[in-house]
Every structure is written in C-alpha cells, then in structure tokens.
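Number of protein chains: 2
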Amino acid sequence: VEDKILIDAFGGDNSPAEIVKGAAFAAQNFDITLVLVGKKDAICTELEKYQFPENRIEILNATEIIDVDEVPTVAIKRKKDSSVVVGLNALKEGKGRAFISAGSTGAVLAGATLLVGRIPGVLRPALATFLPVENGFSLILDVGANVDPKPEYLAQFALMGSVYSDNMTGVVNPRVGLINIGAEKEKGTSLTKEAYKLIEETPEINFAGNIEARDIPFGKAEVLVCDAFTGNVILKYTEGLSQALLERIKKEMTAGVSRKIGAALLAPAFASLKKGFDYKEIGGAPLLGLEGLVVKAHGSSDSKAVASAIKQCIAFIEKDIVYKIKKKL
Amino acid sequence: VEDKILIDAFGGDNSPAEIVKGAAFAAQNFDITLVLVGKKDAICTELEKYQFPENRIEILNATEIIDVDEVPTVAIKRKKDSSVVVGLNALKEGKGRAFISAGSTGAVLAGATLLVGRIPGVLRPALATFLPVENGFSLILDVGANVDPKPEYLAQFALMGSVYSDNMTGVVNPRVGLINIGAEKEKGTSLTKEAYKLIEETPEINFAGNIEARDIPFGKAEVLVCDAFTGNVILKYTEGLSQALLERIKKEMTAGVSRKIGAALLAPAFASLKKGFDYKEIGGAPLLGLEGLVVKAHGSSDSKAVASAIKQCIAFIEKDIVYKIKKKL
Numbered sequence: 001v002e003d004k005i006l007i008d009a010f011g012g013d014n015s016p017a018e019i020v021k022g023a024a025f026a027a028q029n030f031d032i033t034l035v036l037v038g039k040k041d042a043i044c045t046e047l048e049k050y051q052f053p054e055n056r057i058e059i060l061n062a063t064e065i066i067d068v069d070e071v072p073t074v075a076i077k078r079k080k081d082s083s084v085v086v087g088l089n090a091l092k093e094g095k096g097r098a099f100i101s102a103g104s105t106g107a108v109l110a111g112a113t114l115l116v117g118r119i120p121g122v123l124r125p126a127l128a129t130f131l132p133v134e135n136g137f138s139l140i141l142d143v144g145a146n147v148d149p150k151p152e153y154l155a156q157f158a159l160m161g162s163v164y165s166d167n168m169t170g171v172v173n174p175r176v177g178l179i180n181i182g183a184e185k186e187k188g189t190s191l192t193k194e195a196y197k198l199i200e201e202t203p204e205i206n207f208a209g210n211i212e213a214r215d216i217p218f219g220k221a222e223v224l225v226c227d228a229f230t231g232n233v234i235l236k237y238t239e240g241l242s243q244a245l246l247e248r249i250k251k252e253m254t255a256g257v258s259r260k261i262g263a264a265l266l267a268p269a270f271a272s273l274k275k276g277f278d279y280k281e282i283g284g285a286p287l288l289g290l291e292g293l294v295v296k297a298h299g300s301s302d303s304k305a306v307a308s309a310i311k312q313c314i315a316f317i318e319k320d321i322v323y324k325i326k327k328k329l
Numbered sequence: 001v002e003d004k005i006l007i008d009a010f011g012g013d014n015s016p017a018e019i020v021k022g023a024a025f026a027a028q029n030f031d032i033t034l035v036l037v038g039k040k041d042a043i044c045t046e047l048e049k050y051q052f053p054e055n056r057i058e059i060l061n062a063t064e065i066i067d068v069d070e071v072p073t074v075a076i077k078r079k080k081d082s083s084v085v086v087g088l089n090a091l092k093e094g095k096g097r098a099f100i101s102a103g104s105t106g107a108v109l110a111g112a113t114l115l116v117g118r119i120p121g122v123l124r125p126a127l128a129t130f131l132p133v134e135n136g137f138s139l140i141l142d143v144g145a146n147v148d149p150k151p152e153y154l155a156q157f158a159l160m161g162s163v164y165s166d167n168m169t170g171v172v173n174p175r176v177g178l179i180n181i182g183a184e185k186e187k188g189t190s191l192t193k194e195a196y197k198l199i200e201e202t203p204e205i206n207f208a209g210n211i212e213a214r215d216i217p218f219g220k221a222e223v224l225v226c227d228a229f230t231g232n233v234i235l236k237y238t239e240g241l242s243q244a245l246l247e248r249i250k251k252e253m254t255a256g257v258s259r260k261i262g263a264a265l266l267a268p269a270f271a272s273l274k275k276g277f278d279y280k281e282i283g284g285a286p287l288l289g290l291e292g293l294v295v296k297a298h299g300s301s302d303s304k305a306v307a308s309a310i311k312q313c314i315a316f317i318e319k320d321i322v323y324k325i326k327k328k329l
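Order-wise, the sequence lines are chains A and B. So for the first sequence, the working numbering puts the first residue at 1; every next one is plus one. So for the second sequence, the working numbering puts the first residue at 1; every next one is plus one.
Right, dumping it as structure tokens:
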C-alpha cells in the first residue's frame with residue numbers, strides 16, 4: 001500500500017478550484033504525496049496557479065462527475081469513470097491509504113461500503129465527526145451512514161469511536177456516552193435501551209451511560225454514540241443554531257451607538273468564538289470500519305477545509321487506525 | 001365543565017413554594033379561578049404570604065407526591081391520592097378545563113392518557129412546545145410522548161399542531177415541516193418516508209416538506225413534526241447549546257480591560273437575547289389530543305413560568321382548542 005492520499009477533485013460546491021488549491025497548499029506544507037482524482041486537463045489548469053514540490057501531487061484521470069442530486073447507489077453503479085468510483089477503487093487497490101471527497105454524501109458512503117469493503121467483523125461502517133463542545137471537541141457517530149441501525153451496530157460504533165478518539169485527540173480511555181432522552185438506563189427507544197445493555201457489557205468501553213442532549217455542549221463524554229438520524233440532526237442543528245445565535249448577537253450589537261462601540265471592542269472575542277464552531281477547522285468526517293480511510297469533507301469545503309482534511313488523514317495513517325480497529329474487533 | 005384551571009402544587013423542583021406563588025400572581029392579575037391540588041395545609045401556609053382575590057383560588061386536597069425517579073405507570077396506579085392523579089381525575093370529571101404540572105413528565109403523560117383519555121380518533125397524544133427561532137417561535141411536536149411512533153401518528157401530530165399554532169399564534173394556515181436529514185422526499189428513515197407521504201396527502205395541512213435541522217433556527221415552518229426522541233433531543237440541545245454559547249461569550253468578554261467595557265455596553269443586547277431563549281417566557285408544553293388540556297411545565301419552573309403556563313391555558317380555553325381538534329379529525 002502506498003502512503004498517498006487520494007482526493008476527489010470534482011466533489012463539493014467549490015470544486016475543482018478550491019479542492020486543488022487546498023491540495024497545493026498541503027503539498028507545499030506537509031510531507032505527503034497527494035493524488036488528485038478527476039478530469040486531468042481541468043486539474044492541470046488549476047494546478048498551474050500554485051507553487052509546490054512537483055513530486056508531491058499526482059493526477060488520476062476520471063472523466064465523470066456524480067452530482068449531489070443523483071440517487072447514490074445508481075450513480076455508483078452507472079458512473080464507473082466518476083472521480084468517486086475511480087478514487088475508491090484506487091484506495092481498494094492500495095494506490096493510496098485514504099480518500100477524501102466533498103461530494104455527495106450518499107454516493108461516497110454507498111461507494112465506500114461497496115468498493116472499499118468493511119473490516120472483517122464490522123457490521124456497518126459509521127460516519128464520525130468532531131462536534132465543538134466546552135474546552136474542545138467530542139467525537140459523534142453515526143452522523144450519516146445508518147438511519148435505522150440495530151443495537152449491535154451502536155455497540156460497535158462505541159468501540160470504533162473510542163479507538164479513533166483515543167488516537168486522534170490523545171485522551172486516553174475516552175468516556176463514551178449514549179445519546180438519549182433521559183439519564184436512566186431504562187429511558188429511550190427500544191434501540192437505545194438495547195444498545196445501553198450491549199455497551200455496558202463491553203469491558204473495553206469506558207461507558208459514561210446515557211447523555212442527554214442538554215449536556216452535550218458541556219463535554220461530558222469524549223465519544224457520543226447515536227443513530228445517524230439523531231447524529232445528523234445534532235450536527236446540522238449545531239451549525240444552524242450557532243449561526244443564528246451569532247447573527248442575532250450581531251444584529252443586537254448594531255442597534256445603537258453605544259452598542260456599536262461595544263461590538264467593536266468585542267470583535268476579537270467573537271472571532272475566537274466563531275472559530276470554535278467552524279467546520280473548516282475541524283476537517284472531514286471519517287467513515288470508520290472500512291479497509292481503508294474514507295473521509296467525507298463538508299459540501300461547501302474551501303481550500304482551508306481541504307487542507308484540514310488532508311492533515312487529519314496524515315494523522316490517521318501515522319496512527320494506523322484501521323489496524324487498531326481490527327485489533328479491537 | 002367549570003372554567004377553572006387545576007394546578008399540581010406538588011410537582012417540580014421548586015414546589016410547592018414557587019407553584020403557589022405563581023398561582024397567587026395569576027389570581028391577582030388574570031380573571032380566572034385556580035384550583036391548587038396537593039397537601040392542603042402546606043398550600044395554605046404558602047398562600048398566606050400573598051394578596052389575591054380569595055374567590056379565585058381553591059384547594060383540592062391530595063396527600064401523596066409522585067417523585068421524578070418513580071416508574072411512571074406504577075406510580076400512577078399506586079398513588080391514587082397523589083396530586084397528579086387527583087388533579088387529572090378532577091379534569092376528567094369536569095372540575096376544571098386544564099391541568100398544569102411541573103412534576104415527573106412520565107407520570108403526567110402516562111396519567112393523562114390513562115385518566116383523561118383521548119379525543120375519539122386520536123391515535124396518540126403528542127407533547128408540543130414552542131421553540132425559539134428567528135423572529136419568533138415554531139411549535140415542535142412530539143417532544144416527549146412517543147419515542148417509537150408510527151407514521152400515522154406523525155400525520156395526526158401535523159394536523160393537531162396546525163390547529164394549536166393557528167389559534168395560539170395567529171399565523172393563519174401555518175406551514176408544517178417534517179424534521180428530516182435531507183430536503184428530498186425520499187430522504188430519512190422508514191418512519192419519515194412514510195410520514196411524508198401521509199402528510200402530503202392531507203389537504204388540510206400546509207405542508208412545507210422536509211426541514212433539515214440546520215434550517216430550524218431560521219423559522220422555515222411554524223409547525224415542526226417529529227418523533228419524541230428527535231423532538232426531545234432538539235429541545236434539550238437548544239437549551240444546552242444556547243446556554244453554553246452565552247457562557248462562552250461571557251467568558252470571552254471578561255478576558256481583558258477593553259473587553260470588559262465592551263461587555264458592559266452590550267449588556268442590554270444580551271438580556272434581550274437571553275430572554276428569547278428562556279423557557280420561563282414560553283409557558284408549558286401542552287399534551288395535544290386529549291379530552292381536556294394537560295400542560296407539562298418545565299421541572300425547574302419558578303413562579304414566573306407557572307404564571308406563563310396559566311396564561312397559556314386561559315388562551316387555550318378561550319380558543320376551545322379541544323373542540324377545534326375534534327372537528328379536524
């Protein structure tokens with residue numbers, strides 16, 4: 001397996017320009033070889049704009065593009081020469097150790113499971129991401145892969161999330177919380193009740209019990225486990241609510257002269273606050289449980305977000321997360 | 001049926017003191033008769049502290065209290081002389097038109113369905129509450145009654161929520177959104193997919209389609225429909241995240257001299273902001289679909305929250321919501 005990172009140059013709202021720009025920045029700053037997947041000519045045109053060590057960027061031609069409004073499973077099967085399919089196949093064949101895409105979440109998830117394949121013993125892969133909380137981040141999974149999961153899946157998510165969190169954040173033996181609507185063991189849906197039992201019975205998991213949504217922002221657990229519907233709602237609501245709150249504060253700030261002065265004085269505090277809730281700083285969402293690393297970057301990723309995702313992949317490869325998950329199962 | 005409002009004086013963290021205080025305030029300010037349910041002597045002792053028209057407050061004795069950590073269904077059956085059971089039975093018997101409790105959510109929900117009973121045709125009652133959004137509030141339901149609902153329940157929640165929102169906020173023909181993880185019809189769980197079809201087929205509903213969590217804070221629909229697990233997560237996460245964000249802003253504000261000045265100048269803006277996210281201003285959560293009004297007030301309700309809930313019940317009675325829901329089914 002080659003220690004290269006494959007990047008879908010034709011996924012996301014700002015592709016290929018911002019994707020290529022982010023890759024060029026990463027090639028300039030990190031000691032890694034990147035493989036841009038997509039229409040060769042367009043990638044070359046973009047690459048000409050930047051300075052970087054030439055041997056650090058390769059191109060893998062792919063002539064098709066999967067749009068966000070296509071039915072994922074159909075698109076993966078029909079568009080054999082799309083940047084997603086070509087990139088995932090290259091990952092499978094060992095031409096790289098990670099694949100990053102800011103394209104259709106559905107297509108990336110469906111393609112990854114189908115083309116890259118699961119680690120033996122993994123029931124379902126889970127999409128994980130870091131959520132901003134007090135004094136840092138909690139890893140939340142699943143946020144997109146399994147909307148109607150079985151309890152056993154959630155127990156495995158707890159295990160895989162622990163490995164990822166442990167290795168990527170340095171918190172030893174991270175606490176795992178099950179997102180639920182009450183703190184007591186018997187609260188919740190049939191899914192959470194059963195998952196609670198299974199997680200509790202797994203000695204490798206440092207189980208913190210149920211976590212109510214109210215307590216999530218206060219960082220009571222380093223790993224948060226839930227079904228993908230709940231995870232996706234929490235992730236997107238965090239984005240929407242913090243944006244709405246900051247906008248409202250801004251509005252209130254400009255409602256009078258003394259407030260405008262106050263706002264000017266507070267600007268640095270706000271910048272620091274906004275940064276903590278900025279997905280561009282967080283990197284992408286890894287799909288855990290596969291025989292290779294697939295990272296879903298935000299659909300509106302700019303060059304900065306792409307560079308963050310690349311940095312994250314380098315750490316993932318160095319820590320050999322796939323091997324460590326294998327060992328735990 | 002008597003136009004009285006029954007109030008559980010022995011439910012919630014601050015009972016009976018704050019409950020009685022809120023009732024005394026309401027009796028002083030609103031033209032309504034209140035019935036305080038619970039231990040008579042203790043209620044009398046609290047009432048002596050306040051001035052109010054004496055004929056506006058009555059007492060209904062109940063010697064037992066249901067704690068929040070009791071198993072709801074068991075507690076309802078065993079504690080026949082608890083304030084919750086006595087109050088709900090009084091509602092059923094027409095001794096009042098509404099019952100408010102800040103006690104155990106589970107006990108209030110279980111008791112209400114069992115003792116008060118559903119409107120004929122209603123499959124399941126739903127707990128509804130107003131969520132702060134841009135320029136006002138959206139009604140969200142279910143937030144506590146049905147964690148594993150069927151699609152048909154959700155379609156009824158859409159209908160009942162429309163009636164409540166229309167009458168209580170004055171927005172004619174409110175837009176109903178189905179909370180989902182994608183905007184497209186085919187997105188989501190088996191539950192949301194099926195519910196989408198049913199809601200779409202109901203001509204009385206002004207269906208706005210799927211609403212992603214990211215868009216909730218921007219008020220894209222006046223009524224938001226979901227299962228109780230999702231609703232409860234959103235409700236509690238709103239509480240936690242806005243509190244965490246405001247605390248963080250405060251912290252950032254006091255990190256330097258110029259920031260302290262800025263903070264002082266911005267204080268009024270913050271007060272106005274905080275108010276918008278204060279459940280005490282919002283009132284309680286009505287359980288829609290029953291043969292009478294049952295309102296669940298927040299567990300940490302103070303006198304102000306109790307007075308808000310009473311005010312809300314007065315409007316509910318005046319608008320005759322129960323009758324209007326009956327007409328729609």
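Cβ atoms here follow ideal geometry from the backbone N, Cα and C, with glycine treated the same way.
| Asked | Found |
| --- | --- |
| Between Y237/B and chain A, is there a C-beta pair that is closer than 8 angstroms? | yes |
| Alpha carbons only, please: which of V71/A, I32/A, A128/A is nearest the one belonging to A228/A? | A128/A |
| Mind checking T230/A: buried by the 16 CB within 10 Å criterion, or exposed? | buried |
| Can you list, in chain order, the residues of its chain with a C-beta nearer than 6 angstroms to that of G106/B? Leave out the 5 residues immediately preceding and following it. | P72 |
| Output yes if chain B places a C-beta closer than 8 angstroms to the C-beta of R259/A; else output no. | yes |
| Using CA atoms only, rank isn't needed, just tell me which of I179/A, G121/A, Y196/A, I314/A is closest to K185/A. | Y196/A |
| Does any CB atom of chain A fall closer than 8 angstroms to the CB of N206/B? | no |
| Taking three-plus beta-carbon pairs below 8 angstroms as touching, is the region 52-64 of chain B in contact with the region 74-93 of chain B? | yes |
| Just to confirm, are I32/B and I314/B a CB contact at a threshold of 8 angstroms? | yes |
| Rounded to the nearest angstrom, what separates V294/B and P16/B at their Cα positions? | 19 angstroms |
| Do the region 283-292 of chain A and the region 94-102 of chain A meet, that is, are 3 or more Cβ pairs less than 8 angstroms apart? | yes |
| Considering only residues of the region 183-255 of chain A, which uninterrupted alpha helix (DSSP H) runs meet the minimum length of 4 residues and lie entirely inside it, listed in chain order? | 190-200, 228-253 |
| Since R175/A contacts E222/A with CB under 8 angstroms, what's their CB separation in whole angstroms? | 5 angstroms |
| Provide the residue(s) that pair with E58/B in DSSP beta bridges, ordered along the chain. | V35/B |
| What in chain B is Cβ-close to A183/A, meaning under 7 angstroms? | By Cβ distance, chain B contributes nothing, its closest Cβ being about 10 angstroms from A183/A, past 7 angstroms. |
| Quick one: list the residues of chain A neighbouring T113/B, beta-carbon separation under 8 angstroms, in chain order. | None at all; the shortest Cβ gap to chain A is about 18 angstroms. |
| Provide the residue(s) that pair with E64/B in DSSP beta bridges, ordered along the chain. | S82/B |
| Within 8 angstroms of any Cβ in chain A, is that where the Cβ of N232/B sits? | yes |
| Rounded to whole angstroms, how far is the Cβ of G177/B from the Cβ of A208/B, which I believe are closer than 8 angstroms? | 5 angstroms |
| How close, in whole Å, do the beta carbons of L34/B and A26/B come, if the pair is a contact with beta carbons under 8 angstroms? | 6 angstroms |
| Closest to T271/A by CA distance: which of P268/B, A297/B, E252/B is it? | Checking the sequence shown, residue 271/A turns out to be Ala, not Thr. Comparing Cα-Cα distances from A271/A to each of P268/B, A297/B, E252/B, the minimum goes to E252/B. |
| Thinking C-alpha only, which one of V20/B, D3/B, E2/B is nearest V306/B? | V20/B |
| Where do the N-terminal and C-terminal ends of the beta strand (DSSP E) with A128/A fall, by residue? | 126-133 |
| Output needed in chain order: residues of the region 193-219 of chain A with a Cβ under 7 angstroms from some Cβ in chain B. | E212, A213, R214, D215, I216, P217, F218 |
| Compile a chain-ordered list of the residues in the region 142-166 of chain A whose CB is closer than 7 angstroms to at least one CB of chain B. | V147, D148 |
| Is F130/A close to chain B? Criterion is C-beta to C-beta, closer than 8 angstroms. | no |
| Does DSSP put I76/B in a helix, a strand or coil? | helix |
| In three-state terms, what does DSSP make of R97/A? | coil |
| For a contact meaning CB atoms closer than 9 angstroms, what does E134/A contact in chain B? | A244, E247, R248 |
| Using a Cβ-Cβ cutoff of less than 7 angstroms, which residues in the same chain neighbour I261/A once the five nearest sequence positions on both sides are dropped? | none |
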